[in-house]
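K.L.:
Residue numbers (my numbering): -10 to 495.
1) Could you name the residues of the same chain whose beta carbon sits closer than 6 Å to that of residue 403, not counting the 5 residues immediately before and after it, in chain order?
2) If we count Cβ pairs, one from each stretch, closer than 8 Å, do we get three or more for the segment 169 to 183 versus the segment 431 to 448?
3) Using DSSP with H/G/I as helix, E/B as strand and the rest coil, what is residue -4?
4) For the alpha helix (DSSP H) containing residue 451, list its first residue and its last residue.
5) Would you mind giving the Cβ-Cβ distance between residue 35 and residue 21, rounded to the nearest angstrom? I have them listed as a contact below 8 Å.
6) Taking all protein chains shown into account, decide if residue 424 is buried (16 or more other Cβ within 10 angstroms of its Cβ) or exposed.
7) Helix, strand or coil for residue 61 per DSSP?
8) Going by DSSP, what residue range makes up the alpha helix (DSSP H) through residue 106?
9) Quick one: residues in its chain with C-beta nearer than 7 Å to the C-beta of residue 56, no 5 flanking neighbours on either side, listed in chain order?
10) When you compare each of 97, 6 and 470 to residue 18 by their alpha carbons, which one comes out closest?
11) Buried or exposed, going by whether 16 or more other CB atoms sit within 10 Å of the CB of residue 497?
12) If you follow the alpha helix (DSSP H) that residue 68 is part of, which residue opens it and which one closes it?
13) Using 10 angstroms around the beta-carbon of residue 28, count the other beta-carbons present and answer buried if the total reaches 16, otherwise exposed.
14) How big is the Cα-Cα spacing for residue 482 and residue 490?
15) Hey, does residue 13 have any beta-carbon neighbour from chain D nearer than 8 Å?
16) Since residue 256 and residue 49 are thought to touch, with beta carbons under 8 Å apart, how far apart are those beta carbons, to the nearest angstrom?
17) Within a Cβ cutoff of 7 Å, which residues of the same chain sit near residue 383, ignoring the five residues on either side of it in sequence?
18) Nearer than 7 Å: is that true of the beta carbon of residue 67 relative to any heavy atom of the ligand ZN?
19) Which of helix, strand or coil does DSSP assign to residue 31?
20) If we ignore side chains and look at the alpha-carbon of each, how far apart do residue 184 and residue 147 end up?
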């Protein structure tokens, strides 16, 4: 190994800490937006529950380096030195890219960023080495990449439709004045929600828990319906008892869901932050990158603690959460945050035209009944406190997100938890009547900006990683020093920009 490799590994270990902080600052929206928007508990309580979930998820993770196992590139194509070049380029790119998104409050996918950074760095390095695109393409596991991209795109559409349908049916049943109905037969709905969340913990958490054997997971997958049935009966009975005792089951569901998503996030996405650094160290030590590469438990525990500290201290995490919450809010005027455009105005007018046509086809009695079910949703309060959405919608977002992610995991379909939770939240807000004709263009514009940012994530990750690996390949240690200085400067400038944006908002 060369002196460059040693310097690169030192840089990788250092960059892992930064990647953890910027990564969780952006991904915290996955598990915080529902509880914070509904003010299901004090912020400190929500963060404590999330922190416990993060630490448990990280500790019970088997630490497998997903990026190597998933085979975005073929490790056998590269030497250990070349693999270190790729992993270093990815780590450098990831910090800058995710910090840019967090600075401007835009949620994105850490999974997509890492996948396309690996894709870009590996392909560009192979192209530089061979000078031939056909030969360079042999370094890429194209089947895996196509499967990931296709599954993620499909999950966005499915999440939106399911979010709308479940929220519509739930609101139809409970209305915005749901307290009496929850006391009467809410135990059944609570049973469904808790079953969804607990099965999510079982499937998503079990996939990474070292103490759950392959035989146990096979048994779970072979008896899904029976397990779901038993869980539904158990949680329905438990909910009935707790409701009779005066417990607010919606708050219980939301806090459990928040902790569950945080746990799954730590167990699954932790590799996005420290995976390339650990893989780089293993490459330096001469390990076979095509094998499963377990990470020491102390490393995982330290990562979980660092992520927990970050969600308590990061202002950027709150900025990203606010974007998701505000776009789906009943109470906030989003026209102040997102400027409409001609395309959004036209699209809303077309949608309004078809909506009015559908209303004309519905009998007036049914229309009045439906309108009555949505009364009181324009401003949501609890006592003197205004909320962005109520407890019903928060629990629906968590329940639907966990159900979709559980199903995808059981079917071994890759998806982005960020994309799913954000789109479910937007679909639920649309079904809930938060998108009025006055603010719909602004909301649509905001959602379009977020979604277009997702596509930009892939392009920027590919391009930036390609540039970084080329710099490292030709400039060696000097290039590494230049890139590290560039990362430090970028993080500092983005910190200043975010501080100015916060001051302008306040």
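Even glycine gets a Cβ: it sits at the ideal position worked out from N, Cα and C.
P.N.:
Considering the structure as presented:
1) Counting from one through the chain shown, the residue named residue 403 turns up at place 414. Cβ within range, chain order: 137 and 140.
2) no
3) What you label residue -4 is simply residue 7 of the chain shown in a count that begins at 1. Here residue -4 sits in helix by DSSP.
4) Against the chain shown, residue 451 aligns to sequence position 462. Counting along the chain, the alpha helix (DSSP H) containing residue 451 begins and ends at 429 to 494.
5) Position 46 of the chain shown holds residue 35. Position 32 of the chain shown holds residue 21. Between residue 21 and residue 35 the Cβ distance is about 7 Å, and since that is below 8 Å, they are a contact.
6) Within the chain shown, the letter at position 435 stands for residue 424. Buried is the call here.
7) To locate residue 61, count along the chain shown from 1; it is residue 72. Coil, per DSSP.
8) In the chain shown, the residue the question calls residue 106 occupies position 117. 99 to 119 is the span of the alpha helix (DSSP H), which, as asked, contains residue 106.
9) Your numbering for residue 56 matches position 67 in the chain shown. Because residue 56 carries a pLDDT of 47, less than 50, the predicted location of this residue cannot be relied on, and the following value inherits that uncertainty. Same-chain partners within the cutoff: 103, 107, 260, 264, 265 and 268.
10) The residue labelled residue 18 in the question sits at position 29 within the chain shown. The shortest Cα separation from residue 18 among 97, 6 and 470 belongs to 97.
11) Here the chain covers residues -10 to 495 and nothing more, so residue 497 does not appear.
12) Residue 68 sits at position 79 when you count from the first residue of the chain shown. Here residue 68 belongs to no alpha helix (DSSP H), and DSSP marks it neither H nor E.
13) As a working mapping, residue 28 is identified with position 39 in the chain shown. Residue 28 is buried by the Cβ-count criterion.
14) Position 493 of the chain shown holds residue 482. Position 501 of the chain shown holds residue 490. If I take the Cα positions, the gap works out to 12 Å.
15) Among the protein chains of the structure shown there is no chain D, as only one such chain exists.
16) For the purposes of this step, residue 256 is taken as the residue at position 267 of the chain shown. For the purposes of this step, residue 49 is taken as the residue at position 60 of the chain shown. About 6 Å; that satisfies the 8 Å criterion.
17) Position 394 of the chain shown, counted from the first residue, corresponds to residue 383. Cβ neighbours of residue 383 beyond the five flanking positions: 23, 24, 26, 27, 29 and 243.
18) Although the ligand ZN was asked about, the structure shown includes no ligands whatsoever.
19) The residue given as residue 31 occupies position 42 in the chain shown. In the structure shown, residue 31 sits in coil (DSSP, three-state: anything other than H, G, I, E or B).
20) Position 195 of the chain shown, counted from the start, is the residue given in the question as residue 184. Position 158 of the chain shown, counted from the start, is the residue given in the question as residue 147. Those two C-alpha atoms are separated by around 21 Å.
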